[in-house]
Every structure is written in structure tokens, then in C-alpha cells.
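Trainee:
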Amino acid sequence: MRDKKQLRAVASIVAAGLPFILTTTAFAVTPGVTNVEDFIKSIITVIAGLAGLVATGYFVVGGFTYITSSGNPEHLDRAKRTLMFSGMGLAITIGAFIISNIVVTLATNAFGSS
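Start counting at 1 in the sequence shown, then tack on 47, and there's your number in the numbering used here.
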């Protein structure tokens, strides 16, 4: 009976202490701006690309409407507005992309890359 108690005590000590002995040390990642910077850059690039794709689609729709308006002033006016607004949207998208890249460059120069 005493042997069973000793065996249980040794087994519980080994079971409780084994994870501390067999695990490897996990070091914390050094904080840095580069991971966040790369993530934000990739998000801005994707959003700008999608906005450019949408603006190109509206250019095509506006041009097709302009060509097929056949002199109808209502359709002609709608096509002109579509072309104008898609051009404005594309200009805003390109401007936002350029400004965000300038801000990222200035922040990297000011605060360092890591």
C-alpha cells in the first residue's frame, strides 16, 4: 500500500514538472513598426487597385452610354456625368495613394524602420 502511495506521489510530481522541463523557451517578438507598416501599405495598395478597377469600369460604361446615346440629350448628359465622376474618383484615388505613400515615407524617416 505504501508503495502505491509513493508511486502516485512520484508520478504526480513527474507529471506536474515534466511540462516545465520539456518546453522550449518562447521569446517575445521585438516590437517594430515594419510589420504594421507593411500591412498598411498592402491594404492601401489593394484598396487603390480596386478603386482604379471600379473607375475603369465606370469609364467603360460612360463611354458605351455616350456612344449609344444616339443624340438623346438625357442619355448624353448621364454619360457625361458618369465620365466626369469616374475621372474625379480616379483622380482622388491616385491622390490618396500618393499622399499615403508620402506619409509612410515621412513617418519611416522620422521614427525609423524598426
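A virtual CB, placed ideally from N, CA and C, is assigned to each residue, including glycine.
Have a look at Lys-127, Leu-97, Gly-96 and Gly-99 and flag the residue whose alpha-carbon is nearest the alpha-carbon of Gly-109.
Mentor: Of the listed residues, the one whose Cα sits closest to Gly-109 is Lys-127.
Trainee: For Ala-102, does the count of other Cβ atoms within 10 angstroms reach 16, so buried, or fall short, so exposed?
Mentor: Classification of Ala-102: buried, given that the 10 Å Cβ count is 16 or more.
Trainee: Would you say Ser-133 and Phe-111 are within 8 Å of each other, going by their C-beta atoms?
Mentor: Contact: no.
Trainee: Which stretch, first to last residue, makes up the alpha helix (DSSP H) that contains Gly-136?
Mentor: Run containing Gly-136: 120-158, per the alpha helix (DSSP H) assignment.
Trainee: With contact counted as at least three CB pairs below 8 Å, one residue from each stretch, are the segment 113-127 and the segment 81-101 in contact?
Mentor: The answer is no - the segment 81-101 does not touch the segment 113-127, with fewer than three Cβ pairs under 8 Å.
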